[in-house]
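Undergrad: The C-terminal position of the sequence shown is numbered 389 in my numbering, with every residue numbered one higher than the one before it.
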Amino acid sequence: MEEMKTETIQKKRILSGIQPSGDLTLGSYLGAIRNWSALADEYDCYYMLADMHTITVRQTPAELRRRTLTQLAAYIACGLDPEKNVLFIQSHVPAHAQLGWVLDCYTMFGELSRMTQFKDKSAKNADNINAGLFTYPALMAADILLYQADLVPVGEDQKQHVEICRDIAARFNGIYGDVFKMPEPYIAKVGARVMSLTSPENKMSKSDRDPNGCVYMLEKPEDILRKFKKAVTDSDACVRFDPKEKPGVSNLMQIYAVTTGKDYGVIEREFEGQGYGAFKSAVGEAVVELLRPIREETERLLADKAYLETIYRTGAERASYVAGKTLRKVYKKVGFVER
Ligand code: TRP
């Protein structure tokens, strides 16, 4: 009975994107990508490399290309099966730019001005506060709404973007009827927030100025171990979970817990009376072992350009089919003459 039910009911749809603006980090793996492969059975999943968003900040062209392909390979190496998930590159599906423009016209100057990411990024890139940086949320709304996504897996920092997407969708639907499905943010419950190793009050980020704060997914084992050995802790030499008083140690415990599956009580007992040296090495080694197979598989895939090409071409075709349907509906609603 149960089985028959799931077969006849349309699966809910998921869409998420990562910008290839920096190398993937341990934070993006533990907080996002790792949780994605399990979703494929229950949901219809679309994952996008948001290269168009990336150029809102100046990029080196060859680097952007390299990172985009590396991320695609890494997604697959992390267990995202390209048969079960649609993996595609945003710029390969022109409907994103096309709907993005339409939605620009249904997004208000005032609401864009209030976006915290715009304020942060324009402070960081004061010499290049371009219009794309400003209208970024309308393009992201297009990414989501084109696929009629039910759920959008994002980190805390992207919640505001999903909210403005809902506001734009509601505004558009209010004028033209039910064109867009109303998406919900989907914040993973486990390991969602890995902090910087050198300033544990901040999220681990690929744009961290301190290269020791961030561990990259494809980094060499010796570099990973060195970064964990240097991780900021405190002077009380006791492995105990207390994010307020002991943010550095608690962050390391969280990383250790999600990589090994041990809970905090077990970890506290494991390192009782041992000081931080042994603890930091153990966390580093656990992370190295977790990432080793992913790095090796990513390298293998990157060497097979023909295979990667098949994946992103097929992905773009499957994505275009769904996105095209929504775009045609929107064009009709706003009054464009059908071609
Ligand atoms: N803005 C997201 C980030 O920086 C990336 C992104 C672009 C995205 N389009 C999206 C995420 C659509 C979810 C859905 O992390």
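Virtual Cβ for every residue (Gly too), placed ideally from N, Cα, C.
It should be emphasised that the depicted structure is a prediction, and the values quoted were computed from it without experimental measurement.
Is any heavy atom in the ligand TRP found nearer than 7 Å to the beta carbon of MET190?
TA: Within the sequence shown, the letter at position 140 stands for residue 190. Yes, the beta carbon of MET190 sits closer than 7 Å to at least one heavy atom of the ligand TRP.
Undergrad: Three-state secondary structure (DSSP) at THR376?
TA: Working through the sequence shown from its first residue, we reach residue 376 at position 326. The answer is helix: DSSP assigns THR376 an H, G or I state.
Undergrad: Using only the alpha-carbon positions, how far apart do LEU89 and ILE83 sit?
TA: Reading the sequence shown from its first residue, position 39 is the one you call residue 89. Reading the sequence shown from its first residue, position 33 is the one you call residue 83. Going by the C-alpha atoms only, they are around 11 Å apart.
Undergrad: Do three or more CB pairs link the region 359–366 to the region 136–143 at distances below 8 Å?
TA: Contact holds: three or more Cβ-Cβ distances are below 8 Å.
Undergrad: Shorter than 7 Å, the distance from the beta carbon of ALA100 to the closest heavy atom of the ligand TRP, or not?
TA: The residue you call residue 100 lines up with position 50 of the sequence shown. The answer is yes for ALA100.
Undergrad: Which whole-angstrom value describes the C-beta separation of SER249 and GLY72, a residue pair presumed to lie in contact below a C-beta threshold of 8 Å?
TA: Stepping through the sequence shown from its first residue, residue 249 is reached at position 199. Stepping through the sequence shown from its first residue, residue 72 is reached at position 22. The Cβ separation is near 17 Å, so there is no contact.
Undergrad: Tell me which residue opens and which closes the beta strand (DSSP E) that TYR79 is part of.
TA: Along the sequence shown, read from residue 1 onward, the residue named residue 79 stands at position 29. Here TYR79 belongs to no beta strand (DSSP E), and DSSP marks it neither H nor E.
Undergrad: Consider the C-beta atom of LEU65 and the heavy atoms of the ligand TRP; say whether any pair is separated by less than 7 Å.
TA: Counting from 1 along the sequence shown, the entry for residue 65 is found at position 15. Within the cutoff, so yes.
Undergrad: Which residues in the same chain have their Cβ closer than 7 Å to the Cβ of VAL152, if we skip the five residues on either side of it in sequence?
TA: Within the sequence shown, residue 152 is the residue found at index 102, counting from 1. Correct list, in chain order: VAL380, VAL384.
Undergrad: Over the uninterrupted beta strand (DSSP E) stretch that includes CYS215, give me the two end residues.
TA: Within the sequence shown, residue 215 is the residue found at index 165, counting from 1. Note, CYS215: premise wrong, no beta strand (DSSP E); alpha helix (DSSP H) at 209–226.
Undergrad: Pull up the DSSP beta-bridge partners for ASP94, would you.
TA: As a first step, residue 94 is located in the sequence shown; it is residue number 44 there, counting from the start. Paired residues: ARG63.
Undergrad: Given that a residue counts as buried once 16 or more other Cβ atoms are within 10 Å of its Cβ, and exposed if not, what is ILE218?
TA: Sequence index remark: in the sequence shown, residue 218 carries index 168 (1-based). It counts as buried.
Undergrad: In this structure, how does DSSP classify ILE68 when only helix, strand and coil are distinguished?
TA: Here residue 68 corresponds to residue number 18 of the sequence shown, with the count starting at 1. It is a strand residue.
Undergrad: Measure the beta-carbon distance from VAL337 to LEU74 and round it to whole angstroms, keeping in mind my assumption that it falls under 8 Å.
TA: Position 287 of the sequence shown, counting from 1, holds the residue named residue 337. Position 24 of the sequence shown, counting from 1, holds the residue named residue 74. Not a contact, Cβ separation roughly 14 Å.
Undergrad: Taking all protein chains shown into account, decide if VAL266 is buried (16 or more other Cβ within 10 angstroms of its Cβ) or exposed.
TA: Here residue 266 corresponds to residue number 216 of the sequence shown, with the count starting at 1. Contrary to the premise, residue 266 reads as Tyr rather than Val in this sequence. The residue is buried, with at least 16 neighbouring Cβ atoms inside 10 Å.
Undergrad: Using a Cβ-Cβ cut-off of 8 Å (strictly less than) and excluding sequence neighbours within five positions of PRO297, which residues of its own chain qualify?
TA: In the sequence shown, residue 297 corresponds to position 247, counting from 1. Excluding residues within five positions, the ones whose Cβ falls inside 8 Å are MET245, PRO250, GLU251.
Undergrad: Quick one, are the C-beta atoms of ILE361 and LEU201 less than 8 Å apart?
TA: As a position in the sequence shown, residue 361 is number 311, starting the count at 1. As a position in the sequence shown, residue 201 is number 151, starting the count at 1. Contact flag unset, no.
Undergrad: Quick check: is any heavy atom of the ligand TRP less than 7 Å from the C-beta of GLN208?
TA: For the purposes of this step, residue 208 is identified with residue 158 of the sequence shown, where counting begins at 1. Yes, Cβ of GLN208 sits closer than 7 Å to a heavy atom of the ligand TRP.
Undergrad: I need the straight-line Cα distance from HIS103 to ALA147, nearest angstrom please.
TA: The residue given as residue 103 occupies position 53 in the sequence shown. The residue given as residue 147 occupies position 97 in the sequence shown. Rounded to whole angstroms, HIS103 to ALA147 spans 11 Å at the Cα level.
Undergrad: Report the CB separation of LYS61 from GLU92 in whole angstroms; it is logged as a contact under 8 Å.
TA: In the sequence shown, residue 61 corresponds to position 11, counting from 1. In the sequence shown, residue 92 corresponds to position 42, counting from 1. Contact flag correct, Cβ pair sits at about 7 Å.
Undergrad: In this structure, what does DSSP give as the bridge partners for PHE230?
TA: The residue given as residue 230 occupies position 180 in the sequence shown. Answer by DSSP bridge pairing: none, since PHE230 is not bridged.
Undergrad: Quick one: measure Cβ to Cβ for TYR186 and PHE168, integer angstroms, because I've assumed they're closer than 8 Å.
TA: Mapped onto the sequence shown, residue 186 falls at position 136. Mapped onto the sequence shown, residue 168 falls at position 118. That pair is a contact at about 7 Å.
Undergrad: Using 7 Å as the cut-off, classify the Cβ of HIS142 as near or not near the heavy atoms of the ligand GTP, replying yes or no.
TA: By its list of ligands, the structure shown excludes the ligand GTP, since it contains just the ligand TRP.
Undergrad: Using the rule of at least 16 other Cβ atoms within 10 Å of the residue's Cβ for burial, across every protein chain shown, is PRO111 buried or exposed?
TA: Numbered from its first residue, the sequence shown carries residue 111 at position 61. So PRO111 ends up on the exposed side.
Undergrad: Is the beta carbon of ASP200 within less than 7 Å of some heavy atom of the ligand TRP?
TA: Taking the sequence shown and counting its residues from 1, the one referred to as residue 200 is at position 150. It does not: the Cβ of ASP200 is nowhere closer than 7 Å to a heavy atom of the ligand TRP.
Undergrad: What residues in its chain sit with their C-beta under 6 Å from that of LEU352, if we drop five residues either side in the sequence?
TA: Along the sequence shown, read from residue 1 onward, the residue named residue 352 stands at position 302. Excluding positions up to five away in sequence, the list reads ALA123.
Undergrad: CB-CB under 7 Å to ALA369, same chain, minus the five flanking residues each way: which ones, in chain order?
TA: In the sequence shown, residue 369 corresponds to position 319, counting from 1. Answer for ALA369: TYR96, VAL136, PHE138, VAL143, listed in chain order.
Undergrad: Does DSSP classify LYS277 as helix, strand or coil?
TA: One-based indexing of the sequence shown puts residue 277 at position 227. Residue state, collapsed to three classes: helix.
Undergrad: GLN109 to ALA176, Cα distance in whole Å?
TA: If you number the sequence shown from 1, residue 109 lands on position 59. If you number the sequence shown from 1, residue 176 lands on position 126. GLN109 and ALA176: Cα-Cα distance of roughly 16 Å.
Undergrad: Say the cut is 7 Å; is the CB of GLN69 nearer than that to a heavy atom of the ligand TRP?
TA: The count along the sequence shown starts at 1 and reaches residue 69 at position 19. Answer for GLN69: yes, Cβ within range of the ligand TRP.
Undergrad: What separation, rounded to the nearest whole angstrom, lies between the Cα atoms of ASP94 and VAL372?
TA: Translated into positions along the sequence shown, residue 94 becomes position 44. Translated into positions along the sequence shown, residue 372 becomes position 322. If you take the alpha carbons of ASP94 and VAL372, they lie about 12 Å apart.
Undergrad: Among THR309, ASP154, ASP228, which has the Cα closest to the Cα of ARG342?
TA: Position 292 of the sequence shown holds residue 342. Among THR309, ASP154, ASP228, the Cα nearest to that of ARG342 belongs to THR309.
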